[in-house]
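Following the UniProt record's numbering, the numbering of the sequence shown begins with 1 at its first residue and continues without gaps.
Here is the structure we will look at.
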Amino acid sequence: MPKGLIIRDGVRQLNKIIGMMITQELSEVGITMPQISVMRKIKDGPMTIGQLSKDLYLSCSTVSGIVDRLEREGYIERVRDTADRRVVWIHITNKFEEMANSIPVMQKEYFTELIKDLSEEEIDKIVDALQLLIRQFEKRIEERT
């Protein structure tokens, strides 16, 4: 089998496994994968719909719909920029913080715990390979835009 297909299949399988793990935990609190993707991005600081769209590789209308649902649930809020009223920042709320603290996958230590049995050398190899793949894929996206 060509190595490109092996990489593709490996990425798909890993994505599927991680998705299943996350979905199991999120279903307990009624949150979807797209919603958690948005919330994880803004956990570190407010972002605009445009920034979220770019970072998540989703259309602005898709992100806006996700944000609408999260806002209705009280997990996030929209706040107009004081200097430029055209800019709307998406902020997390206290309700989000409470919910996030109850879900293991939302914790920074989650993946560290999953790889604890790997050696430092193995972890470094994985990190290097992931960074290389990401750079290559981003380069491909840039070439097509």
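Idealized CB from N, CA, C, for every residue including glycine.
Computed from a predicted model, the values in this text were never measured in an experiment.
Query	Result
Buried versus exposed, by CB contacts within 10 Å (16 or more), Y75	buried
Distance, Q107 Cα to A100 Cα	8 Å
E77, enclosing beta strand (DSSP E) - first and last residue	I76 to R80
Assumed close pair I90, I49 - CB separation to whole angstroms, cut-off 8 Å	7 Å
Nearest candidate by alpha-carbon position, reference K54, set D44, V38, R69 and G10	V38
Cα-Cα separation, L133 to D44	25 Å
Three-state secondary structure assigned by DSSP to V29	coil
Those residues which DSSP pairs with I90 across a bridge	M47 and R78
Where D68 sits in the DSSP three-state scheme	helix
Contact under 8 Å by Cβ, I103 with I42	no
Exposure of V63, with buried meaning 16 or more beta-carbon neighbours within 10 Å	buried
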